[in-house]
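Chains as they are written, first to last, in the numbering used here: chain A, 10 to 263; chain B, 10 to 263; chain C, 10 to 263; chain D, 10 to 263.
4 protein chains.
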Amino acid sequence: VTARISIDLNADVGERFGHWQMGDDAGLLEHLTSASVACGFHAGDPTTMRETCERALECKVQIGAHVGYRDLAGFGRRSIDVSPTQLHDEVAYQIGALMGCAQVAGGAVGYVKPHGALYHRCSGDSEAAAGLVEAVCAADSGLRIVGPPGSALLFAAERQGLIAVPEGFADRAYEPGGQLRPRGRAGAVLDPRSAICQAHEIVAHGTVTARDGSVQPLAVRTLCVHGDTPGAVELLRSVRAALERDGVIVERFS
Amino acid sequence: VTARISIDLNADVGERFGHWQMGDDAGLLEHLTSASVACGFHAGDPTTMRETCERALECKVQIGAHVGYRDLAGFGRRSIDVSPTQLHDEVAYQIGALMGCAQVAGGAVGYVKPHGALYHRCSGDSEAAAGLVEAVCAADSGLRIVGPPGSALLFAAERQGLIAVPEGFADRAYEPGGQLRPRGRAGAVLDPRSAICQAHEIVAHGTVTARDGSVQPLAVRTLCVHGDTPGAVELLRSVRAALERDGVIVERFS
Amino acid sequence: VTARISIDLNADVGERFGHWQMGDDAGLLEHLTSASVACGFHAGDPTTMRETCERALECKVQIGAHVGYRDLAGFGRRSIDVSPTQLHDEVAYQIGALMGCAQVAGGAVGYVKPHGALYHRCSGDSEAAAGLVEAVCAADSGLRIVGPPGSALLFAAERQGLIAVPEGFADRAYEPGGQLRPRGRAGAVLDPRSAICQAHEIVAHGTVTARDGSVQPLAVRTLCVHGDTPGAVELLRSVRAALERDGVIVERFS
Amino acid sequence: VTARISIDLNADVGERFGHWQMGDDAGLLEHLTSASVACGFHAGDPTTMRETCERALECKVQIGAHVGYRDLAGFGRRSIDVSPTQLHDEVAYQIGALMGCAQVAGGAVGYVKPHGALYHRCSGDSEAAAGLVEAVCAADSGLRIVGPPGSALLFAAERQGLIAVPEGFADRAYEPGGQLRPRGRAGAVLDPRSAICQAHEIVAHGTVTARDGSVQPLAVRTLCVHGDTPGAVELLRSVRAALERDGVIVERFS
Numbered sequence: 010v011t012a013r014i015s016i017d018l019n020a021d022v023g024e025r026f027g028h029w030q031m032g033d034d035a036g037l038l039e040h041l042t043s044a045s046v047a048c049g050f051h052a053g054d055p056t057t058m059r060e061t062c063e064r065a066l067e068c069k070v071q072i073g074a075h076v077g078y079r080d081l082a083g084f085g086r087r088s089i090d091v092s093p094t095q096l097h098d099e100v101a102y103q104i105g106a107l108m109g110c111a112q113v114a115g116g117a118v119g120y121v122k123p124h125g126a127l128y129h130r131c132s133g134d135s136e137a138a139a140g141l142v143e144a145v146c147a148a149d150s151g152l153r154i155v156g157p158p159g160s161a162l163l164f165a166a167e168r169q170g171l172i173a174v175p176e177g178f179a180d181r182a183y184e185p186g187g188q189l190r191p192r193g194r195a196g197a198v199l200d201p202r203s204a205i206c207q208a209h210e211i212v213a214h215g216t217v218t219a220r221d222g223s224v225q226p227l228a229v230r231t232l233c234v235h236g237d238t239p240g241a242v243e244l245l246r247s248v249r250a251a252l253e254r255d256g257v258i259v260e261r262f263s
Numbered sequence: 010v011t012a013r014i015s016i017d018l019n020a021d022v023g024e025r026f027g028h029w030q031m032g033d034d035a036g037l038l039e040h041l042t043s044a045s046v047a048c049g050f051h052a053g054d055p056t057t058m059r060e061t062c063e064r065a066l067e068c069k070v071q072i073g074a075h076v077g078y079r080d081l082a083g084f085g086r087r088s089i090d091v092s093p094t095q096l097h098d099e100v101a102y103q104i105g106a107l108m109g110c111a112q113v114a115g116g117a118v119g120y121v122k123p124h125g126a127l128y129h130r131c132s133g134d135s136e137a138a139a140g141l142v143e144a145v146c147a148a149d150s151g152l153r154i155v156g157p158p159g160s161a162l163l164f165a166a167e168r169q170g171l172i173a174v175p176e177g178f179a180d181r182a183y184e185p186g187g188q189l190r191p192r193g194r195a196g197a198v199l200d201p202r203s204a205i206c207q208a209h210e211i212v213a214h215g216t217v218t219a220r221d222g223s224v225q226p227l228a229v230r231t232l233c234v235h236g237d238t239p240g241a242v243e244l245l246r247s248v249r250a251a252l253e254r255d256g257v258i259v260e261r262f263s
Numbered sequence: 010v011t012a013r014i015s016i017d018l019n020a021d022v023g024e025r026f027g028h029w030q031m032g033d034d035a036g037l038l039e040h041l042t043s044a045s046v047a048c049g050f051h052a053g054d055p056t057t058m059r060e061t062c063e064r065a066l067e068c069k070v071q072i073g074a075h076v077g078y079r080d081l082a083g084f085g086r087r088s089i090d091v092s093p094t095q096l097h098d099e100v101a102y103q104i105g106a107l108m109g110c111a112q113v114a115g116g117a118v119g120y121v122k123p124h125g126a127l128y129h130r131c132s133g134d135s136e137a138a139a140g141l142v143e144a145v146c147a148a149d150s151g152l153r154i155v156g157p158p159g160s161a162l163l164f165a166a167e168r169q170g171l172i173a174v175p176e177g178f179a180d181r182a183y184e185p186g187g188q189l190r191p192r193g194r195a196g197a198v199l200d201p202r203s204a205i206c207q208a209h210e211i212v213a214h215g216t217v218t219a220r221d222g223s224v225q226p227l228a229v230r231t232l233c234v235h236g237d238t239p240g241a242v243e244l245l246r247s248v249r250a251a252l253e254r255d256g257v258i259v260e261r262f263s
Numbered sequence: 010v011t012a013r014i015s016i017d018l019n020a021d022v023g024e025r026f027g028h029w030q031m032g033d034d035a036g037l038l039e040h041l042t043s044a045s046v047a048c049g050f051h052a053g054d055p056t057t058m059r060e061t062c063e064r065a066l067e068c069k070v071q072i073g074a075h076v077g078y079r080d081l082a083g084f085g086r087r088s089i090d091v092s093p094t095q096l097h098d099e100v101a102y103q104i105g106a107l108m109g110c111a112q113v114a115g116g117a118v119g120y121v122k123p124h125g126a127l128y129h130r131c132s133g134d135s136e137a138a139a140g141l142v143e144a145v146c147a148a149d150s151g152l153r154i155v156g157p158p159g160s161a162l163l164f165a166a167e168r169q170g171l172i173a174v175p176e177g178f179a180d181r182a183y184e185p186g187g188q189l190r191p192r193g194r195a196g197a198v199l200d201p202r203s204a205i206c207q208a209h210e211i212v213a214h215g216t217v218t219a220r221d222g223s224v225q226p227l228a229v230r231t232l233c234v235h236g237d238t239p240g241a242v243e244l245l246r247s248v249r250a251a252l253e254r255d256g257v258i259v260e261r262f263s
């Protein structure tokens with residue numbers, strides 16, 4: 010008998026703002042096991058956050074705090090020179106705010122994942138990563154931290170005694186060094202067929218094939234599919250169906 | 010033997026934003042028993058909130074969530090036609106955010122008080138008041154609600170089983186009907202001497218003398234001194250000293 | 010020989026913000042003669058404004074400043090108690106900002122129209138209307154002012170010697186008193202068939218049939234079709250085609 | 010007979026936001042010849058901008074557009090990864106907005122100077138500098154550009170045919186390479202005595218003595234004194250008095 014492989018599927022949700030829509034959250038939540046909810050700094054507003062938590066609870070999807078830079082105009086995708094102290098405080102603020110919204114929806118927050126430019130920064134900047142993790146720890150030491158395997162972020166999480174959850178991306182190309190290919194570069198976002206293949210490779214073999222054909226190790230516990238790409242729901246549905254056909258158990262990490 | 014009278018003294022603090030200062034929080038916190046901390050919607054930012062909580066804890070001052078309209082440009086003093094649902098969600102968000110900041114400072118939130126135009130609205134608008142109270146209740150049913158005696162807000166708090174804390178103002182004039190004289194009108198803010206007298210009258214006699222000389226009943230458990238008026242620290246110190254000379258116990262409500 | 014009737018067709022455009030989309034501006038601009046461009050307070054950002062002006066110029070569509078309350082979270086649709094002085098200054102700021110963006114696109118601003126809750130306020134509040142008009146006048150006394158016929162806004166414009174352009178709505182229901190039925194009420198937004206009929210009635214007969222069946226006079230020089238309603242481009246195309254079939258000349262006001 | 014030396018004195022003004030104050034603009038404007046007015050992105054709001062323009066006109070002080078990153082929380086002092094295209098558009102927006110406010114005050118804008126992190130970026134990043142200058146050029150090719158001597162910014166200005174105005178700082182230390190010592194480093198801001206000496210050296214000799222004692226050439230046409238440092242008015246008054254005692258003509262550049 011072999012132990013069956015299990016994987017978590019997460020996506021960014023709750024990225025509306027006021028009258029502006031973004032992504033098909035209702036559709037995504039039907040196929041996810043974890044939902045990274047924007048906390049109002051790069052996207053999201055209190056009503057969107059509360060409604061997204063309610064919908065996640067109905068779908069039995071785990072709620073995570075998708076914390077980002079204070080930058081609605083740039084959707085959190087622009088690097089901003091925020092000091093580690095301010096970063097720590099902004100993360101504490103955002104996690105608390107989502108906890109408040111989750112609570113009125115009858116739920117709780119299970120994990121924290123940085124968004125966009127902050128995700129990128131916390132991968133390599135150990136001071137920023139430590140600031141973020143310290144804020145998470147003070148909020149609730151039972152919270153998990155989601156980030157790239159081998160990153161400064163997961164290293165900081167483990168040092169503080171938090172559970173670190175390594176993450177791979179189904180629909181983003183990897184560079185030979187193992188990093189994500191930056192958005193805006195050609196080929197950064199994969200077509201659906203390639204994304205399904207990459208999901209299979211990551212989950213079944215623990216590797217990813219980089220743009221130059223080299224095969225990199227990539228051991229992950231959750232797979233991300235971006236929620237704001239066109240056809241995201243269909244892609245997510247296909248990825249999940251393909252994984253389940255392979256005998257993989259799709260379930261939330263814990 | 011007579012039971013001694015006790016009163017709480019509160020003020021608005023944490024109203025800085027980024028590089029902009031407001032009020033002398035360190036000075037105020039030496040004389041307060043409760044501190045209403047801005048939560049980032051009308052004033053305050055995460056670092057200010059965390060630092061204000063730290064300082065309040067050092068001074069053994071109770072932390073309250075001063076929730077307001079999302080209106081930095083208007084400092085929360087402008088009426089905005091926010092729906093009761095959005096209000097409910099924005100209050101849940103702000104309380105959670107302050108809880109997050111209080112927690113990294115090693116403390117907790119003890120009460121909620123609406124700010125500025127929202128305070129005014131919740132005094133009379135029972136739908137808005139019920140929305141606010143419902144959010145408070147979901148966040149933590151042990152939180153107290155501070156508001157004007159006889160207001161829709163305190164009525165809603167009691168209906169939901171929360172402890173309602175009636176509040177009077179030392180440095181604001183009262184109209185014959187018992188309402189605060191609106192800011193911007195002549196004589197709305199009292200001079201220090203009159204404020205000390207009014208504090209004495211409210212605490213010792215449970216009444217306030219309105220602008221027309223009529224005496225109104227005003228039974229309160231906390232007195233507010235505004236933190237952003239010039240000389241606020243000196244006024245607060247004088248009010249507290251005068252009350253203590255009268256034998257009043259100045260202590261936080263609970 | 011009879012003089013042929015002419016009418017202008019306008020819609021709200023440039024209502025994107027950062028990564029968030031709103032409406033099909035490219036589609037709308039093919040059928041409009043005037044484009045009311047959001048100026049960054051209730052929607053719009055500098056790049057969106059510049060690109061929208063470029064596209065309007067390509068389509069030979071007149072550019073107007075759609076000025077609103079500073080309220081991205083509420084899309085300018087919530088009443089805010091902004092003082093007439095601040096309103097005046099915020100309008101001067103927004104017109105100037107759009108002029109800056111129009112200029113780098115090689116064009117100029119032809120008119121000013123308030124948006125949402127500010128449109129509603131300027132219809133009846135003569136102090137607010139005068140403040141707005143004064144700012145327009147100082148910016149460029151050749152600018153036209155678009156507003157409801159008989160409104161405080163158009164009255165103020167004429168008093169200051171500006172050209173007032175009365176406006177009707179193709180896709181919004183009218184109340185018996187001649188006001189627009191407020192958004193959010195049942196039946197406030199008309200279905201496409203009714204909108205085409207109403208456009209015909211307004212342009213051909215100078216009247217509108219209110220919800221109670223009463224016929225109101227409504228003499229207008231421009232007709233608005235909302236750009237953010239689903240099917241807005243198709244509706245606009247149909248309205249324009251129907252008017253042209255009737256022999257109406259669709260051309261910008263001047 | 011020798012030609013007398015002349016110099017312009019500029020400072021940052023209009024940096025209030027809503028209810029938050031910053032600096033003593035009225036005091037500064039009495040001693041300045043040019044006023045760099047914040048345009049609402051890093052500081053300033055429409056009413057502050059209009060009032061600052063009015064006051065500058067009363068004092069016969071030239072009005073400049075102090076354009077910055079969209080970052081009220083960071084006061085424009087944090088580097089943000091804004092694309093050159095967005096930068097271009099945001100500069101066009103801000104210049105236009107200030108022109109709108111200056112116009113209602115009865116004045117006009119004479120120059121453009123980037124603020125904080127944007128000033129730093131445009132010193133060395135020629136793509137950003139070119140974007141900024143292009144926007145200035147489209148707004149009004151008579152506008153001057155203020156920046157560090159030898160910078161990418163002034164080079165871009167001259168390439169586009171704009172008048173470049175080299176600037177020195179009275180109250181900021183210079184590094185051996187000729188750059189400003191970054192804020193936050195020890196010794197970055199000079200004490201008043203040293204600032205007066207440095208102003209004299211720059212204006213009389215066209216040099217500045219760096220922190221290591223080396224003497225750098227520094228040929229400038231305007232001197233900046235920061236408006237938000239404590240004692241800024243007194244410093245400015247002293248610098249101006251000392252220069253005038255030396256026979257220097259203090260007058261606006263043109």
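Ideal placement from N, C-alpha and C gives every residue a C-beta, glycine not left out. Just so you know, these numbers come straight off a predicted model, no measurement behind them.
Assuming residue i and residue j form a contact by the criterion Cβ under 8 angstroms, report the distance between their Cβ atoms to the nearest whole angstrom.
{"i": "A219 of chain B", "j": "E184 of chain B", "result": "6 angstroms"}
{"i": "A137 of chain A", "j": "C131 of chain A", "result": "5 angstroms"}
Taking the alpha-carbon positions, what's the residue i to residue j distance?
{"i": "G85 of chain D", "j": "D33 of chain C", "result": "33 angstroms"}
{"i": "V259 of chain D", "j": "L152 of chain D", "result": "21 angstroms"}
{"i": "A82 of chain D", "j": "D54 of chain D", "result": "14 angstroms"}
{"i": "A228 of chain C", "j": "V118 of chain C", "result": "25 angstroms"}
{"i": "G27 of chain C", "j": "T61 of chain B", "result": "33 angstroms"}
{"i": "S263 of chain A", "j": "R64 of chain A", "result": "20 angstroms"}
{"i": "R192 of chain A", "j": "D180 of chain A", "result": "12 angstroms"}
{"i": "G159 of chain A", "j": "L189 of chain A", "result": "13 angstroms"}
{"i": "Q225 of chain D", "j": "R79 of chain B", "result": "50 angstroms"}
{"i": "R59 of chain D", "j": "C110 of chain C", "result": "20 angstroms"}
{"i": "F178 of chain D", "j": "T42 of chain D", "result": "15 angstroms"}
From what residue to what residue does the beta strand (DSSP E) around residue i run?
{"i": "Q71 of chain D", "result": "71-76"}
{"i": "I154 of chain D", "result": "153-156"}
{"i": "E176 of chain A", "result": "173-178"}
{"i": "L232 of chain C", "result": "231-233"}
{"i": "V22 of chain C", "result": "15-22"}
Taking the CB atoms as reference points, tell me whether residue i and residue j lie closer together than 7 angstroms.
{"i": "A44 of chain D", "j": "I72 of chain D", "result": "yes"}
{"i": "G274 of chain B", "j": "H129 of chain B", "result": "One cannot answer for residue 274 of chain B here, as it falls past the ends of chain B, which runs 10 to 263."}
{"i": "L37 of chain D", "j": "V242 of chain D", "result": "yes"}
{"i": "A126 of chain C", "j": "R87 of chain C", "result": "yes"}
Span of the alpha helix (DSSP H) holding residue i?
{"i": "V248 of chain C", "result": "241-254"}
{"i": "T57 of chain C", "result": "55-67"}
{"i": "Y271 of chain C", "result": "With chain C covering 10 to 263 only, the question about residue 271 of chain C has no answer from this structure."}
Where the region 68-94 of chain D meets chain A: residues whose CB sits under 8 angstroms from a CB there: R79, D80, A82, G83, R87, S88, I89, D90, V91
Using a Cβ-Cβ cut-off of less than 9 angstroms, list which residues of the region 51-65 of chain B approach chain A; keep chain order. D54, P55, T56, T57, M58, R59, E60
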